[in-house]
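Numbering (my numbering), first residue to last: 2 to 170.
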């Protein structure tokens, strides 16, 4: 139980539809198995609650709250909820990320609008989450922030339309 008595606020702890488990849900479940109290944060509250149900069914401790990384007020509220309901914030995995329709477009094809949306979610979301978590961690005298990416940053992921179109499936 390496995370016993630790509180983790996992941003992106819900699940995107699909046949596999996403990084956020997997992280939430693993952290709970290691003894952490988990706050499952997701823009889709029902999906976050599903993650909580899985954790609780295994005997873990978890709660869910809704926040969207493009909405600073909701991120601040999630941090306030975490410290108010769970007592502290020890671990912040930033896990939210998007790409262009199932796989990043080549630089020669991406639209400015798509690029701006990706930067808003993938970069600004991390900065805003850290903006509100860091003061809490500093006041506690400890804390860990982990920003997670995926293979999609350097390679289209399996099943993406781009991969099929290029015959690399």
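Ideal Cβ positions, reconstructed from N, Cα and C, are used throughout, including at glycine.
Q. Can you tell which of 20, 92, 73 has its C-alpha closest to the C-alpha of residue 41?
A. 92
Q: Count the other CB atoms, across all protein chains shown, that sit within 10 Å of the CB of residue 141; report buried if there are 16 or more and exposed otherwise.
A: exposed
Q: With DSSP as the reference, label residue 65 as helix, strand or coil.
A: strand
**Q.** N- and C-terminal bounds of the alpha helix (DSSP H) containing residue 117
**A.** 113-120
Q. What did DSSP end up calling residue 123 once you bin it into helix, strand or coil?
A. helix
(Q) Could you tell me the alpha carbon to alpha carbon distance between residue 116 and residue 150, rounded to whole angstroms? (A) 17 Å
**Q.** Contacting residues, own chain, Cβ-Cβ under 8 Å from residue 68 (five flanking each side not counted)
**A.** 12, 42, 43, 44, 75, 76, 78, 79
Q) In three-state terms, what does DSSP make of residue 138? A) helix
**Q.** Distance between beta carbons of residue 9 and residue 32, contact taken as under 8 Å
**A.** 5 Å
Q) Hey, residue 52 and residue 94 are a contact pair by Cβ (cut 8 Å); roughly how many whole angstroms apart? A) Their Cβ separation, rounded to whole angstroms, is 13 Å, which puts residue 52 and residue 94 out of contact at 8 Å.
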